[in-house]
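K.L.:
In the working numbering, the protein residues as written are 1 to 224.
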Ligand SMILES: *Cc1c(COP(=O)(O)O)cnc(C)c1O
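1) So, at 6 Å on beta carbons, what are the nonlocal neighbours of residue 85 in its own chain, with the 5 sequence-adjacent residues on each side left out?
2) Touch check for the segment 121-131 and the segment 100-110: three-plus C-beta pairs under 8 Å?
3) CA-CA distance, residue 162 and residue 169?
4) Please report the straight-line C-alpha distance between residue 50 and residue 171, rounded to a whole angstrom.
5) Return helix, strand or coil for residue 39, following the three-state DSSP convention.
6) If you measure between the beta carbons of residue 135 and residue 151, is that distance less than 8 Å?
7) Would you say the beta carbon of residue 116 comes nearer than 7 Å to a heavy atom of ligand 1?
8) Could I get the ranges of all uninterrupted beta strand (DSSP E) runs contained in the segment 39-90, with 3 residues as the minimum, in chain order?
9) Roughly how many whole angstroms lie between the Cα atoms of residue 251 and residue 167?
10) Mind checking which residues open and close the alpha helix (DSSP H) that includes residue 147?
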């Protein structure tokens, strides 16, 4: 069962920053989502496509579903009809596929560019050069069915909060540079999705506009 006290506490902490809570419900049953939904939570994040599809089909239609995990191109088609925001756009080819499938659905899909900010090798995401090349390209300028709303990143999983802070600062600087270089005229480019259960306080101090929190709200997941 979700921890309602923790939920209230997180909302209190977000308030002065005007940041949004994405409740990360991966591996948790629909009943757990409904507990927070009844308290007014509408934004939920999932990292596996099949689980996202199953929950979306079963749960209230006004839930805003956030895709936060690495997305394979062959799964894009199934989430594009309903997804509220894809946080994990980590390659030019994935963005091209989202644009193509969104065109077929006559939708404009909200996306964040995920950047690699952690030390760990395994994390997905753009590096600076690849993002700059993409956003400056003619191909990108022709995309009519994706809306780039900002950036997302995950810090290294460590207790060293100085390191975490530096990584969040890097993401914040990337956001600022992208804003002035490519999105100065676009109000919709304004989100910095950073911060999880263990580091969201630091993320808020460094300019996060969206935190993605699972464990604190729903308890530990199997295998953790
Ligand atoms: C699981 C997950 C989270 C939430 O992590 P917690 O530590 O449980 O808060 C946030 N972002 C992404 C991308 C995740 O996969």
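By construction, the Cβ of each residue, glycine as well, lies at the ideal position given by its N, Cα and C atoms.
P.N.:
Judging by the given coordinates:
1) Only residues of its own chain outside the window of five on either side were considered, and among them 66 and 110 have a CB closer than 6 Å to the CB of residue 85, listed in chain order.
2) These segments do not touch.
3) 10 Å
4) 29 Å
5) coil
6) Judged by beta-carbon spacing, residue 151 lies beyond the 8 Å limit of residue 135, meaning their Cβ atoms are not closer than that value.
7) no
8) 43-46, 64-67 and 85-89
9) In the structure as shown, the chain starts at 1 and stops at 224, and residue 251 therefore has no counterpart that could be examined.
10) Here residue 147 belongs to no alpha helix (DSSP H); instead the beta strand (DSSP E) covers 146-153.
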